[in-house]
Each structure stands twice: as C-alpha cells, then as structure tokens.
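Trainee:
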Amino acid sequence: MDINESPLSRTPSLYVVATPMGNLQDITLRALAVLRAVDVVAAEDTRHTKGLLSAHGIAATLMAAHEHNEARAAEQIIGRLAAGEQVAFVSDAGTPGISDPGARLVAAVRAAGHPVVPVPGPSAVVTAMSVAGFVEGGFHFVGFLPPKSGARRSRLDALREGTDVTVFYEAPHRVRDSLRDMAEVLGPDRELVVARELTKRFEEIARLPLGEAQAWLDADSNRERGEFVLLVSGAPPVEGLDVEAERVLKLLLAEMPTSAAAKLAAEITGQPKNALYQRALAIKSESEPDL
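The opening position of the sequence shown corresponds to residue 1 in the UniProt record's numbering, with each subsequent residue numbered one higher.
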C-alpha cells in the first residue's frame with residue numbers, strides 16, 4: 001500500500017490497534033494513520049489513550065471499552081459500524097486481546113458480520129521471547145496465572161510436562177509468590193528469563209535458574225516493581241521409559257485410542273504423560289504395515 005493511501009477499508013471495520021507498551025516511539029506509522037482516520041477510538045482507558053493520542057498530535061472521538069462494559073461497548077460499536085462508521089480499538093498497552101480486553105469485543109463484531117482488521121505492533125510476549133535466547137522448540141503462552149496459590153499450583157502442575165518454553169504475565173504484588181510456586185512445582189533447575197518493565201525507563205532482563213529467583217528479587221527491592229513477563233524453559237527430555245511402563249502402555253494401546261492409553265498409563269505408572277504419548281505414537285507407527 002502506498003504511504004499516502006487511506007489506511008482504512010471502504011467497508012466499515014473494527015481496527016484492532018497495537019499501541020506502545022511504554023516507549024511512545026514504538027507505535028507504527030500505520031497505527032497512527034488508522035487512529036487519525038477512524039470516526040471513533042474505543043479504548044480500555046480513555047484518559048490513558050488521550051495522552052497517547054495527544055503525544056502524536058491526534059484529536060479523536062473516544063469511547064470506553066473495558067472488561068467491565070465490554071458487552072455494552074460491543075453493542076455500541078456494532079451500531080456504529082452498521083451506520084457506516086469506522087472504529088479502532090486499543091488497550092492500555094501492547095496488542096489488545098492478549099491478556100487484555102478485546103477478545104469478546106472482536107467475537108461480537110465478527111458474529112454481527114462486520115470485518116475485524118489487525119493493525120500489528122508491540123506485544124510483550126513476542127518482545128520478551130525475542131531477547132530470551134531459548135534456541136530450541138516453540139513457546140506456550142499462558143498469560144496470568146490464578147491469583148490464589150492452590151489454583152496457581154494446580155495450573156502449573158498441568159503445565160509441568162510441556163517441553164516448550166512457557167510464557168507467563170505477572171503483576172508486581174504476585175511475582176514473588178508465583179516464582180516460588182514455579183520453582184516448587186516445575187523444579188528449581190529450569191531456566192527462567194525475567195523481563196521487567198519492557199521498553200520502559202527501568203527495563204530489566206535477567207536469565208537465571210528458577211531456584212535462584214527469590215535471591216534475585218532479594219538483591220534489589222526495585223525488582224518487584226513494574227509489569228513482568230516470565231519465561232520458563234520446557235521440561236527436560238525423558239531418556240526412556242522403564243520396562244513396566246512400556247508393558248502397560250502396549251496393553252492399553254491394544255484396547256483404546258492413543259491419547260487415552262497414554263493418559264491412563266501415566267496414572268498407573270507415574271511416568272510422564274507426554275513421554276508416554278510420544279512413545280505410543282512410535283509404537284503405533286511401528287505396528288502399521290508398510291504399503
């Protein structure tokens with residue numbers, strides 16, 4: 001698209017616009033053009049967004065669209081789109097709908113038959129992954145863990161066998177407790193990357209064993225301030241299953257589907273479910289006749 005062309009479609013659309021996480025210079029040229037051109041900007045916090053727009057010399061009509069009024073805001077936005085208006089949506093920082101309001105709004109607008117257009121830009125999870133240095137595998141984005149320890153530990157236990165990097169968001173008043181639960185449930189030897197206050201003045205990125213996280217926090221009281229992205233390395237590979245686990249798995253595979261057999265074998269033998277599932281796939285493949 002030519003830089004001088006209109007950034008908007010001829011069809012009235014909802015534009016989901018990523019905005020800076022902290023550094024105002026991180027906003028894209030396309031985002032600025034869209035925010036200037038739309039009829040209304042729906043914002044998680046209109047006061048916050050007014051400051052962002054003012055910094056870039058944009059005067060826009062604002063409306064509130066946050067987690068407490070998302071359903072009502074969606075109805076208003078759908079009405080505006082039906083009337084031929086163009087609408088942008090922004091959260092306070094980063095990409096909307098990623099552990100921020102926006103997903104329900106997008107779903108409602110799509111269900112009403114109107115186009116939803118992504119305007120990409122800053123995202124904390126991608127920003128943190130880009131500087132983490134984890135070489136192998138992909139990543140699994142979790143977002144915020146439950147605030148209470150029991151539920152949090154249960155969620156972590158369900159993630160324990162995953163071999164991909166796991167990415168969490170955390171608030172400053174919960175980061176210490178969350179890191180303690182991670183070390184106890186996932187194991188202290190996992191590699192941790194703490195990305196704090198990304199793109200902001202006091203940005204800090206550190207890589208260390210998960211078991212050393214509490215000492216790292218203790219070393220500087222400022223380290224419990226700000227918004228956090230926590231990246232934890234995946235479970236170490238399992239060298240092999242013991243003879244009994246292999247025997248149980250083969251017996252179960254003869255009677256039930258692969259996933260169910262691996263799950264039940266894990267409950268019976270105490271071996272990792274992921275390792276059992278991978279072995280089950282291999283057994284199935286070995287048993288299939290060559291064509």
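Idealized CB from N, CA, C, for every residue including glycine.
Determine whether the beta carbon atoms of Val38 and Val87 lie at a separation below 8 Å.
Mentor: To locate residue 38, count along the sequence shown from 1; it is residue 38. To locate residue 87, count along the sequence shown from 1; it is residue 87. Contact flag set, yes.
Trainee: Please classify Gln25: is it buried, with 16 or more other beta-carbons within 10 angstroms of its beta-carbon, or exposed?
Mentor: Position 25 of the sequence shown, counted from the start, is the residue given in the question as residue 25. With fewer than 16 other Cβ atoms within 10 Å, it is exposed.
Trainee: According to DSSP, simplified to helix, strand and coil, what is Arg180?
Mentor: The residue you call residue 180 lines up with position 180 of the sequence shown. Helix.
Trainee: Measuring alpha carbon to alpha carbon, tell me which residue in Phe141, Ala82, Arg155 is nearest Pro147.
Mentor: Numbered from 1 along the sequence shown, position 147 holds the residue referred to as residue 147. Checked all of Phe141, Ala82, Arg155; the closest Cα to Pro147 is Arg155.
Trainee: Here's the rule: buried if 16 or more other CB atoms are within 10 angstroms of the residue's CB, otherwise exposed. What is Ala42?
Mentor: Counted from its first residue, the sequence shown places residue 42 at position 42. By the 10 Å Cβ count, Ala42 comes out buried.
Trainee: Count the other CB atoms, across all protein chains shown, that sit within 10 Å of the CB of Pro188; report buried if there are 16 or more and exposed otherwise.
Mentor: Translated into positions along the sequence shown, residue 188 becomes position 188. The residue is exposed, with fewer than 16 neighbouring Cβ atoms inside 10 Å.
Trainee: Within the continuous alpha helix (DSSP H) that includes Leu32, where are the two ends?
Mentor: For the purposes of this step, residue 32 is taken as the residue at position 32 of the sequence shown. Its alpha helix (DSSP H) spans residues 29-37.
Trainee: What's the call for Leu35, buried or exposed, on a 16-neighbour Cβ count within 10 Å?
Mentor: In the sequence shown, residue 35 corresponds to position 35, counting from 1. It counts as buried.
Trainee: Taking 8 Å as the cut-off, does the stretch 87-104 touch the stretch 113-132 (at least 3 CB pairs, one atom from each stretch)?
Mentor: Judged by Cβ distances under 8 Å, the stretch 113-132 makes contact with the stretch 87-104, as three or more pairs qualify.
Trainee: In terms of alpha-carbon separation, which member of Lys200, Leu217, Thr199, Arg201 lies closest to residue 294?
Mentor: Any question about residue 294 goes unanswered here, given that the chain covers just 1 to 291.
Trainee: May I have the straight-line CA-CA distance separating Val232 from Thr61, to the nearest angstrom?
Mentor: Reading the sequence shown from its first residue, position 232 is the one you call residue 232. Reading the sequence shown from its first residue, position 61 is the one you call residue 61. Computed Cα separation, rounded: 42 Å.
Trainee: Let me check understanding here. Comparing Cα to Cα, which of Val90, Arg160, Asp242 lies closest to Asn274?
Mentor: In the sequence shown, the residue the question calls residue 274 occupies position 274. Among Val90, Arg160, Asp242, the Cα nearest to that of Asn274 belongs to Arg160.
Trainee: Does the Cβ of Gly270 have 16 or more other Cβ atoms within 10 Å, making it buried, or fewer, making it exposed?
Mentor: Within the sequence shown, the letter at position 270 stands for residue 270. Burial call: exposed.
Trainee: Is Glu170 closer than 8 Å to Leu230 when the C-beta atoms are compared?
Mentor: Translated into positions along the sequence shown, residue 230 becomes position 230. Translated into positions along the sequence shown, residue 170 becomes position 170. Yes, the pair counts as a contact, with Cβ atoms nearer than the cut-off.
Trainee: Can you tell me whether DSSP reads Pro12 as helix, strand or coil?
Mentor: Locating residue 12 in the sequence shown gives position 12, counting from the first residue. Looking at Pro12 - three-state DSSP - the assignment turns out to be coil, as it is neither helix nor strand.
Trainee: Alpha carbon to alpha carbon, how far is Phe141 from Asp164?
Mentor: As a position in the sequence shown, residue 141 is number 141, starting the count at 1. As a position in the sequence shown, residue 164 is number 164, starting the count at 1. In a straight line, the C-alpha of Phe141 is about 10 Å away from that of Asp164.
Trainee: Use the C-beta contact count for Val131: other C-beta atoms within 10 angstroms, 16 or more gives buried, fewer gives exposed.
Mentor: Numbered from its first residue, the sequence shown carries residue 131 at position 131. Classification for Val131: exposed.
Trainee: Would Arg19 pass as a contact of Val90 if the rule is Cβ separation under 8 Å?
Mentor: Here residue 19 refers to the residue found at position 19 of the sequence shown. Here residue 90 refers to the residue found at position 90 of the sequence shown. As written in the sequence, residue 19 is Thr, which differs from the Arg given in the question. Cβ atoms of Thr19 and Val90: closer than 8 Å.
Trainee: Could you have a look at Ala235 and say whether DSSP puts it in helix, strand or coil?
Mentor: In the sequence shown, residue 235 corresponds to position 235, counting from 1. Coil, per DSSP.
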